[in-house]
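Numbering (my numbering), first residue to last: 17 to 206.
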């Protein structure tokens with residue numbers, strides 16, 4: 017079995033999940049990027065596009081799709097490797113809001129990976145609102161942000177030991193360097 021690690025970049029819309037995840041996938045050898053928003057069922061996208069917050073009933077099927085996608089990706093990576101490549105690390109980096117602890121607990125059940133870590137880009141709601149207002153062609157608008165923060169159960173406050181918190185007021189380079197060289201250095205061979 018290959019050494020496949022899963023990084024889930026979590027948090028509310030606009031906190032930098034996709035940017036951080038893409039950069040991690042670029043910098044980590046053998047990194048595969050998965051945009052969790054692309055796995056939302058159409059009914060979820062329609063609701064969010066119409067400023068209707070998602071509830072648990074909307075999110076469970078989406079979380080299941082993310083879980084299945086990550087498990088299938090891990091199996092695919094493992095099946096494609098020859099014996100020499102099995103000793104090298106491979107990373108799946110996925111974005112998913114994972115706002116509640118019960119959602120993160122569901123994602124912690126993903127199979128076929130050596131370990132799972134969450135990356136939590138954390139910052140003020142004001143800064144995130146500014147970022148969202150500058151985005152083009154995204155279904156998630158500023159009027160939905162308050163509902164996401166109302167739903168957010170901070171993994172830091174609940175002492176989840178597999179979560180790495182990063183400050184979004186720093187540059188992307190600084191954030192990604194800190195993740196790779198400091199927070200993950202005990203877990204990866206970089």
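No residue lacks a Cβ here, since even glycine has one placed at the ideal position from N, Cα and C.
Nearest-angstrom Cα separation, counted from residue j out to residue i
{"i": "residue 29", "j": "residue 43", "result": "23 Å"}
{"i": "residue 89", "j": "residue 161", "result": "31 Å"}
{"i": "residue 121", "j": "residue 56", "result": "19 Å"}
{"i": "residue 25", "j": "residue 84", "result": "17 Å"}
{"i": "residue 93", "j": "residue 75", "result": "27 Å"}
{"i": "residue 174", "j": "residue 103", "result": "34 Å"}
{"i": "residue 105", "j": "residue 54", "result": "26 Å"}
{"i": "residue 95", "j": "residue 34", "result": "27 Å"}
{"i": "residue 188", "j": "residue 36", "result": "7 Å"}
{"i": "residue 191", "j": "residue 182", "result": "7 Å"}
{"i": "residue 98", "j": "residue 147", "result": "43 Å"}
{"i": "residue 172", "j": "residue 178", "result": "10 Å"}
{"i": "residue 134", "j": "residue 72", "result": "20 Å"}
{"i": "residue 126", "j": "residue 87", "result": "6 Å"}
{"i": "residue 209", "j": "residue 18", "result": "For residue 209 there is no data in the structure shown, the boundaries of the chain being 17 and 206."}
{"i": "residue 14", "j": "residue 163", "result": "Given a span of 17 to 206 for the chain in the structure shown, any question on residue 14 remains unanswerable."}
{"i": "residue 23", "j": "residue 47", "result": "10 Å"}
{"i": "residue 77", "j": "residue 61", "result": "13 Å"}
{"i": "residue 116", "j": "residue 45", "result": "30 Å"}
{"i": "residue 170", "j": "residue 141", "result": "13 Å"}
{"i": "residue 166", "j": "residue 194", "result": "28 Å"}
{"i": "residue 63", "j": "residue 176", "result": "30 Å"}
{"i": "residue 59", "j": "residue 49", "result": "24 Å"}
{"i": "residue 197", "j": "residue 131", "result": "18 Å"}
{"i": "residue 180", "j": "residue 82", "result": "20 Å"}
{"i": "residue 208", "j": "residue 91", "result": "Here the chain comprises residues numbered 17 to 206, so residue 208 is not present and cannot be evaluated."}
{"i": "residue 70", "j": "residue 38", "result": "25 Å"}
Cβ separation of residue i and residue j, assumed to be a contact under 8 Å, to the nearest whole Å
{"i": "residue 123", "j": "residue 168", "result": "Contact flag wrong, Cβ pair sits at about 15 Å."}
{"i": "residue 27", "j": "residue 107", "result": "So it is not a contact: roughly 19 Å between Cβ atoms."}
{"i": "residue 200", "j": "residue 109", "result": "With 8 Å as the limit, residue 200 and residue 109 do not qualify as a contact, their Cβ atoms being about 11 Å apart."}
{"i": "residue 51", "j": "residue 111", "result": "6 Å"}
Environment of residue i [buried if 16+ CB atoms lie within 10 Å]
{"i": "residue 144", "result": "buried"}
{"i": "residue 21", "result": "buried"}
{"i": "residue 114", "result": "buried"}
{"i": "residue 66", "result": "exposed"}
{"i": "residue 119", "result": "buried"}
{"i": "residue 68", "result": "exposed"}
{"i": "residue 138", "result": "buried"}
Residues sharing a beta bridge with residue i, DSSP
{"i": "residue 183", "result": "138"}
{"i": "residue 105", "result": "19"}
{"i": "residue 133", "result": "23"}
{"i": "residue 111", "result": "25"}
heavy atom of the ligand GTP below 7 Å from residue i C-beta
{"i": "residue 48", "result": "Of ligands this structure carries none, so the ligand GTP is not represented either."}
What are the uninterrupted segments assigned as alpha helix (DSSP H) that are 4 or more residues long and contained completely in the stretch 26-82, given in chain order?
-> 33-43, 58-65
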